[in-house]
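Beneath this line is the structure, given in structure tokens, with notes to follow.
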Amino acid sequence: MTAVLDTRGVTKTFAGVQALSDVSLLVEPGERVGLIGPNGAGKTTFFNCVLGVLRAERGQVLLDGEDVSALPVHERARRGIGRTFQRIELFGESTVRDHLLIAERVRRGDGRLWRDLLGRGRPSADEVAACDRVLEQLGLAELAEEPIEHLSLGQGRLVEVGRALMTRPRLLLLDEPSSGLDRRETADLAATLRAVQQAQGFAILLVEHDVELVANFTSRSYVLDFGTLIAEGPTDEVLASSLVREAYLGPGGGPG
Amino acid sequence: MTPVLELRDVSAGYGPFRALFGVTLQVGDGEAVALLGANGAGKTTVARVASGLVAPEDGTVHVGGEDLTGAAPYRFARAGVAHATEGRSVFSSLTVEENLRLSFRRALGSARVDEALGQAFDAFASLDRRRHQPAGTLSGGEQRMLSLARVLVESPPLLIADELSLGLAPIIVDEIYAQLARLHSEGTSLLIVEQHVSHALGLCDRVVMLEHGAVAWEGAPEQAGERVAERIFEHGGDG
Amino acid sequence: MLAVTFIEDVLRGVLQGLPPGAVYGLIAIGFVLAYKTSGVFNLAFGAQAYISAGLYFQARNEWGWSNLAAFVLAVVIVAPAIGLILERLIFRHLPPGSALAKLVIAIGLSVALPNLFELVVGFEPVAGRTPEGLLNGGATVFYDPTGLYAFSRDELTALTIAIVSGLALAALFRFTPIGLQMRAVVESPRMTELNGIRADRVSAFSWALSSAFAGLAGVLIAPRFNTLAAPDFFNLVVVAVAAAAIGKLVSIPRAVAGGLGLGVLIALIDTFLPRLSEAQEWIEPIQDNVTPAVPFIVLFALVTLWPALRRSQEQSDPLAGVDPPPPVPAASVRTPFLTILTAVFGVCFFLVVGVVVVTRADVSWLFLITQAVIMSTIYLSVTVLTGFAGQISLCQGAFAAIGGFTVFQLADRFGASVLVAAVVGGVIAATVSALLALPLVRLGRVWVAIATLAFAAFFDAVVVKLPFVGGGGTSLLQGTRVPRPVLGPLDFANDRLFLGLAIVVFLACAYTVTAIRSGTVGRTLAALRGSEVASESIGISPTRARVTAFAVSGFLAGLGGAMLSIQQENVNYASNFAPFAALFWLVLIVSLGARTVEGAAYSGASFSLMDPLIFKGALLGWILRSEERIPGIFPISPKWRFVLFGLTTITFAKHPEGLVEDGKRKAHARVERWRARVRERRQDAEVTA
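Chains as they are written, first to last, in my numbering: chain A, 281 to 536; chain B, 129 to 367; chain C, -4 to 684.
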């Protein structure tokens, strides 16, 4: 079976400092994988390299076995990477459903230019139906017509997830989904995500600082520290390892 | 005795983002408090609220008994709060000497600047060798030393030290903590924000743990080591 | 021997280029100072320089002040005061990170300030009314220290002052406490505050200082112009931006060097191009126009090809993360109520216009109303680009001019059908616009604005003067004449018929624009406007959507420009389409509403009708039923509309959707509250019953 995401030796330097050195990780289809590490470990940089926001100096990013290292962000998105943002990025001045509709339309591909320009204005019935199915799954059905400005942060994150799901991703990258949410909201979000993921079977790579969420949500984890992978394996074992504790807590930080 | 710093029921964030949900925190006169927690728990935001960089949406901030809620950061600085911010906390385009001069002139008056410069360079010989070099060319450790040199000479009532050990070699971390201990012994109160707990625990009188933007645990450093690891890693159910 | 002459020529060119270069450098210094300390791309520096130059002239020549007194008033007192006022009243209150809003406001000020000054001081730009230099006999006394080039006293003064003040500023930065504080604020205002220093005071000081430099440069450059007029000073600031760009917009010494370098480059090209053109015939017609265009070409190239320049803006403030993300504009989804309200307004508006046309319209009113309709068509091009795509373009005037010139050329040379030529003009403008967009799609919005400004200035300086565009020398004598079209039995020489045609064209364009908004491209543009990263993350390619928007916008502007030329039966480039004239378009439409078709219509109406209808008191006269009863304060100077709309751009920071849309939303909210209250009261009544 080909891995959904396969990065090989990704290396990135900022002003002489190695932000990532030789990071290689695998995400299998349908898997939920965590990527954790202390502040400044390079998690966000790695994310950006996978998405194409940053170009790695060395190393490759393979998506379903295809090398996408040279492709721009939107081409990678069309090949099956969906994502959410740590600071939510919504479109403003539109409704919840509009967010999903535009993603659905992009997925269906560009038409003739003049048709895209003038025709195809109103969303078709099946476009709306496709969006509403996802909204239903995420528990957002009642908010479909709501202007985006009226949403809470937690709901906003779900809209981001919904928007990403409309592209039918093979891999969903979640960027610190718990940031800005309190404990209960985080748990709700995790439950919804898990349900949708199990129903649709895409893989998830979760970058997260909340260790509890990672422990509850993922089966396997990678740990980054100083731009290097220092541990990988089943999440429970990874979290129990003294190396990881030291990365988080400093030398001698963990008991035992 | 009035605490040097007091946050009462502070909620704060960045635009739609709430980072703190009703945090209450005191730093007593001469006390050293360690602020611990996983990243994203809101430690840096607490530090920023305490130095006026982030205005609370709710709650109050008192420095030395004076209500500074919503005041500009320069008023916090004049009330005696020094803040060594997370990451780079020196002006990288100014030289080492200019960095110090800028702060000394304001805090001590122009007459005492040269004397203060002398003191700072005596304490940090490595900075003396680089006094005319732009601070941006210093190594990470030297930059932290520079921000400490300023504080050491001015000896303000409160120093907020945000992640001073981040990304540094252990030997330099030891030196930084030695300087912090010296400051503390000279009477400066400390609010130490750390992710790496071990050093902080050795220095502080009291530990405050943050989780999801709220104070989760407060207590003596002796019990903290266990608690920290527990809270971060042994998350059984609702912790 | 030949080599010696060559070297002498080069040296002469260098010497000749230094004085103007020094003045560019001076403005560039001010520009960089303001940009560094407050993040404002202050295009209004041209206006500020103009005010000082005008005030200096007024004090000396009209009020009979001495040179020194006039200088003190214009440069030492008024110029810094303007800077302080702008900082205090406007720029201090803008959230960090709203670079585009700051730019738009600076554009508004570029339009408002010169007119406000002229109104307050009673200054009128008249040919020949330029002040002499600071020293008497500035233009008549010459010095020739090298035997190669004779500096006039004015030039020498400018050069000396520029060098001395450049050095003084460098010393201020290096050796004084305030200089140190300014450098600290440049790097991070917040970290400066953490040192106990009031960053806002430092920043106010640097505004005052930078504005003083603008004033100084204005007074020094004024003797070089034949007429003291705001547009020339606006062009000057574009040159200064080019100089500043050479210094990456952040380095003051390099900005001065950039200014001097541009001055020298221009002088050298001036020296050598004529010789080249003896060998190469094709150079001759454009020979005189290449040099003024050099700074614009340099600026455009730097903005599009030098990524380091664009990154210098995000110059790392380690505490930038403290800022909340820019506030979401108050606008949200349009409710059906708003749409109905809009339709009602629209119908009423056109009814009023219709009634006026039928009952009151003599030839001059007919002309103005037709102009309003055509301007609305042109403004639709801004609706597409600024309203839908969120891009600020400062070269819509050039696109409109392309339309006008196409009709002129095709009709004049080939006797082509005027209406066909108008459409061809639109297509050519669309093509140019799309090509221009290609290097711009990936740039930030502020950079797009600057690059389009450079293009507009280039078009103005070079392209218009090409024989196959503006007609060359013959058009100077005969104008760029355009005939009215004839379509079968319809002869549009009849003004009423032509108004009908203009309305049909406008409605067709308006329909197209609304269709675009709800189409795929429109939705894509809305997504990109909301969040570029998020759009890309769902597979949207920014290039396709943006280039399309530019092309559509270019077409609408070109078509509208053609219509305007047909109406006036002349292209009238300078008064209709020149870059500074077209700035007001943007100001108008941004103030009134860039997102909607009705915003474009109101802007068109305001452009043409506000002055005659309101300021000249005609409307009041109709209401009072007698022209004799119009109060004495009428007619109000038409300059007030520039001041009014220029200052209205300040609201852009809060209401990017424009005043009309904002007003409607507020009205809607009020109605909703009122309805809620009524409902509540009814329920209360039921409960008590």
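Cβ atoms here follow ideal geometry from the backbone N, Cα and C, with glycine treated the same way.
- For the C-beta of isoleucine 316(A), not a single chain C residue is nearer than 7 Å; the gap to the nearest is close to 21 Å.
- Fully enclosed alpha helix (DSSP H) runs of no fewer than 4 residues occupy 527 to 532, 537 to 563, 568 to 571, 574 to 587 and 592 to 604 of the region 523 to 606 of chain C, in order along the chain.
- Interface annotation for the region 192 to 212 of chain B against chain C: Ala200, Pro201, Tyr202, Ala205, Arg206 and His211, criterion Cβ-Cβ distance under 7 Å.
- Taken atom to atom, the span from the alpha-carbon of valine 377(C) to that of aspartate 657(C) is near 18 Å.
- Taken in chain order, the complete alpha helix (DSSP H) segments of 4 residues or longer contained in the region 136 to 186 of chain C are 148 to 170 and 172 to 182.
- Counting only unbroken stretches of 4 or more residues, the alpha helix (DSSP H) elements lying wholly within the region 429 to 455 of chain A are 433 to 446, in sequence order.
- Contact between leucine 223(C) and alanine 217(C) holds: their C-beta atoms lie close to 6 Å from each other, under 8 Å.
- Residues of chain C with a Cβ closer than 7 Å to the Cβ of alanine 342(B) do not exist, since the nearest Cβ in that chain sits about 21 Å away.
- In this structure, alanine 424(C) sits away from phenylalanine 228(C), with a CB-CB distance that is not shorter than 9 Å.
- If you look at tryptophan 345(B), you'll find it in the beta strand (DSSP E) that goes 342 to 347.
- DSSP, read as helix, strand or coil, puts arginine 437(C) in coil.
- Apart from sequence neighbours up to five positions away, the residues of its chain that approach glutamine 176(C) with a beta-carbon distance below 8 Å are Thr187, Ile192 and Val197, ordered along the chain.
- The DSSP assignment places complete beta strand (DSSP E) segments of no fewer than 3 residues inside the region 280 to 342 of chain B at 286 to 290, 317 to 321 and 334 to 339, in order along the chain.
- The beta carbons of glutamate 456(A) and glutamate 492(A) sit no closer together than 9 Å.
- Taking a C-beta cut-off of 7 Å against chain B, the contacting residues of the region 421 to 436 of chain A are Leu433, listed in chain order.
- For proline 109(C), the enclosing alpha helix (DSSP H) has its first and last residue at 94 to 116.
- Residue pairing by DSSP places glutamate 134(B) opposite Gln154(B) and His190(B) in a beta bridge.
- Note on glycine 258(C): 16 or more other CB atoms within 10 angstroms of its CB, so buried under the neighbour-count rule.
- Across the region 140 to 159 of chain B, CB contacts with chain C closer than 9 Å involve Gly141, Tyr142, Gly143, Pro144 and Phe145, in sequence order along the chain.
- With contact defined as three or more Cβ pairs closer than 8 Å, the region 200 to 210 of chain C and the region 221 to 234 of chain B are not in contact.
- By the CB criterion at 9 Å, glycine 20(C) and glutamine 43(C) fall outside the cutoff.
- Assigned with DSSP and collapsed to three states, glycine 16(C) falls in helix.
- Beta-carbon to beta-carbon, alanine 395(C) and leucine 559(C) are separated by about 7 Å, close enough to satisfy the 8 Å threshold.
- For alanine 410(A), the CB contacts under 6 Å within the same chain, skipping 5 residues up- and downstream, are Glu384 in chain order.
- Taking all protein chains shown into account, threonine 155(C) has fewer than 16 neighbouring C-beta atoms within 10 Å of its C-beta and is therefore exposed.
- The region 360 to 421 of chain A contains, as complete beta strand (DSSP E) runs of 3+ residues, the segments 361 to 363 (chain order).
- Around threonine 447(A), the beta-carbon contacts reaching into chain C at under 8 Å are Ile533 and Gly534.
- When DSSP states are grouped into helix, strand and coil, phenylalanine 610(C) belongs to the helix group.
- The shortest CA-to-CA distance from glutamate 119(C) to any of Leu336(C), Ser632(C), Arg665(C) and Lys661(C) is the one to Ser632(C).
- Distances from the CA of threonine 299(C) to each of Leu130(C), Val499(C), Leu435(C) and Asp679(C) were compared; the closest alpha carbon is that of Leu435(C).
- Taking a 10 Å sphere around the C-beta of serine 238(B), we find fewer than 16 other C-beta atoms and assign the residue as exposed.
- Its Cα nearest to that of alanine 240(C), the residue Ile292(C) stands out among Ile292(C), Phe267(C), Asn190(C) and Ile261(C).
- With a 10 Å radius around the Cβ and a threshold of 16 neighbouring Cβ atoms, glutamine 391(C) comes out buried.
- For arginine 672(C), the secondary structure class from DSSP, reduced to helix, strand or coil, is helix.
- With respect to glycine 332(A), leucine 315(A) sits apart: the two C-beta atoms are not nearer than 9 Å.
- The beta carbons of glycine 170(B) and glycine 341(B) sit about 4 Å from each other, so the pair counts as a contact at 8 Å.
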